[in-house]
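First residue of the sequence shown: 3, per the numbering used here; consecutive thereafter. Cβ atoms here follow ideal geometry from the backbone N, Cα and C, with glycine treated the same way. A short worksheet on the structure shown next.
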Amino acid sequence: MQTGSLVKSIKFMFILFSAFFIIINHSFSYSIINPTDPEKVIGNWQGKLNISTFQLRIVFRISFDSTGNLTGFMDSPDQSAKDIPVSNVVLWDDSVKFEVALVSGYFAGKLISDSSKISGQWFQMGAAFPLVLSKTDEVPQLIRPQEPKPPFPYSVEEVKFENRVDGITLAGTLTKPENEKNLTCVILISGSGGQNRDEELLGHKPFLVLADHLTRNGIAVLRYDDRGIAESTGDYQSATTKDLARDVIAAIEYLKSRNDINELKIGLIGHSEGGLIAPIVANQIEDLAFVVLMAGPGMMGKDLLPLQSELISKSMGLKEEEYSKDIQTAKKMYEIVLNEKDSVLAEKKLKELFYESYSASPDSVKTQLGNPEDYFLRQVKVILGSWFKHFLAYDPYPALTKIKCPVLAINGEKDVQVPPKENLSLIKKALIEGGNNNYKIVELEGLNHLFQTAVTGAPTEYSMIEETMSPTALVTISDWIKSLK
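Structural data, given as structure tokens:
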């Protein structure tokens, strides 16, 4: 975490590829200025972008096309993004520029050493990030050994269902044991940020792996694209946690309409923010069979985010003096968002706070942020948006006290986004206060926020770990569900 950045929440770190799932066929231009040796950029160039708490591998594949002109593609293996066209290749003397119009970004740098490296920066959305590219013979491939491949020993059905309250159609996948009726079925609820039905992030598909495991263990699973994502309609950006709860209720109603699902054996599994949504739904659906909270928060967002920032910073080896000012600035920001009801005045106060922090920042941070006004305007839209306001203010404790069905709450011991000790203790306290004695609380040793076996738990590790979800976490969930009477 670097001094001077106003927003460090994990939810807003993924700024690199706003449209990285879009691959289009188009005729792209190229330029060669003073092409003394265009061969020197031919090949695969790989580097790592450090974006706050994440490292992302970037690969440029430059070649000659059929007419002898330079062309290329960019990959981001850790985001499962491949074949993004390089729209323009510019060379002059020892300088290189790879333009990528599809993501409104470009890399600019200089060839160094024996032309085996290009030292420069990645520019996008007004920000600049140092990036050194090294020539390599191999293009990195994601290794995800847990991802299931067809044919599957169970039924896979593509489904759609309606949230009639909001006029939204949600698209998903229902997996279930073959030729069985009266099935127990779980609905998977994803974490924050628009997610597809596999909860795909940083090269992993946690919900695909979880659904496969559960279905092989005799439990049907419905997973779906969040509203406004992939094949689902609606607008994710304007949705709050409570809005998303209505999508889950629509999923329950859909499952109850089927003759192969036992309507009294429908349960929820919520990960991260999904662990906020599940209790909200459980308060409204009296015959819900069970709830599984995977790294579900037990505290308000305004209290969780500073703790999250501190633990992430520590996991990355930073000293307290390197992050304490950022956390204090963030707390002031949260107070403005929560207490200033006039949006114009709130923006004004946030701007004053931002420039106070910006002016004290080192030049390296200012360079990375780019134009400060542009940076602030992008961030303030998110900060004053409906989701963030609701997340800061929402207290999950009352909803947890009202859950009457069986509850399994699990956290990874190395989770630095939803710390286990603070949150599991609050969840347990709330359940006991509400008179719910049918619960199980488990802290899983050595696992991170994604329930991967981790070293530090830092988000920088997520994409580098081959494991998508620990077998210990998978078995803990499936065994508990099967144990219910």
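Limits of the unbroken beta strand (DSSP E) element including residue i
i    : result
I268 : I263 to H273
G174 : I170 to K178
I86  : A83 to P87
Y226 : A222 to Y226
Y108 : G107 to I114
A213 : Where A213 is concerned, there is no enclosing beta strand (DSSP E), although the alpha helix (DSSP H) it sits in stretches over P208 to R218.
V102 : S97 to V102
N413 : V409 to G414
Collapsed DSSP secondary structure at residue i in the structure displayed
i    : result
Q511 : For residue 511 there is no data in the structure shown, the boundaries of the chain being 3 and 487.
G45  : strand
R260 : coil
E468 : coil
E324 : helix
S65  : strand
G277 : helix
Q123 : strand
G303 : helix
Y441 : strand
I26  : Confidence in I26 is poor, its pLDDT being 27 and thus under 50, which makes the residue's placement unreliable; the coordinate value appears in the next sentence. I26: coil per DSSP, three-state reduction.
Y238 : coil
R166 : coil
I314 : helix
L51  : strand
K137 : strand
L58  : strand
N341 : helix
Rounded separation between residue i and residue j - CA only
i    : j    : result
Q148 : G436 : 38 Å
M296 : V444 : 10 Å
V167 : R248 : 8 Å
Y357 : E337 : 17 Å
G319 : Q419 : 16 Å
S157 : T175 : 10 Å
D214 : L340 : 41 Å
G372 : S65  : 31 Å
G195 : A411 : 22 Å
N46  : W124 : 17 Å
L172 : L190 : 13 Å
E164 : R260 : 14 Å
A222 : N90  : 48 Å
T242 : T474 : 32 Å
S234 : K333 : 35 Å
A284 : S68  : 60 Å
N27  : I254 : A caution first: N27 carries a pLDDT of 30, below 50, which makes its placement in the model unreliable, though a value can still be read off. Computed Cα separation, rounded: 40 Å.
V382 : L347 : 12 Å
S33  : K207 : Residue placement at S33 is flagged as unreliable, the pLDDT there being 45, under the threshold of 50; the coordinate-derived value follows with that caveat. Each residue's Cα considered, the two are about 39 Å apart.
Residue of the options minimising C-alpha distance to residue i
i    : options                   : result
D397 : L386, Y377, I429 and V382 : I429
S106 : T474, P87, R218 and E265  : P87
V409 : S359, P308, E354 and I271 : I271
A460 : A130, K416 and P40        : K416
I251 : S274, I263, I279 and G230 : I279
L313 : E180, Y325, S192 and V161 : Y325
L309 : L452, E424, D365 and K391 : E424
I53  : L133, F62, W94 and E41    : L133
M76  : S68, Q57, A103 and T69    : A103
Alpha helix (DSSP H) segment containing residue i, residue limits
i    : result
P374 : P374 to I385
E358 : S345 to S361
I429 : P422 to E435
K391 : S388 to A395
T455 : Looking at the DSSP string, T455 is not in any alpha helix (DSSP H), and its letter there is neither H nor E.
S480 : P473 to S485
A401 : Y399 to T403
L371 : D365 to L371
Rounded Cβ spacing between residue i and residue j (contact assumed at less than 8 Å)
i    : j    : result
S121 : G111 : 5 Å
A503 : E447 : Residue 503 is absent from the model: the chain starts at 3 and stops at 487.
Closer than 7 Å: residue i CB and nearest the ligand GTP heavy atom
i    : result
C407 : Absent from the structure shown: the ligand GTP. Ligands present: none.
CB contact check: residue i to chain B, cutoff 8 Å
i    : result
Y256 : You won't find chain B in this structure, because it holds only one protein chain.
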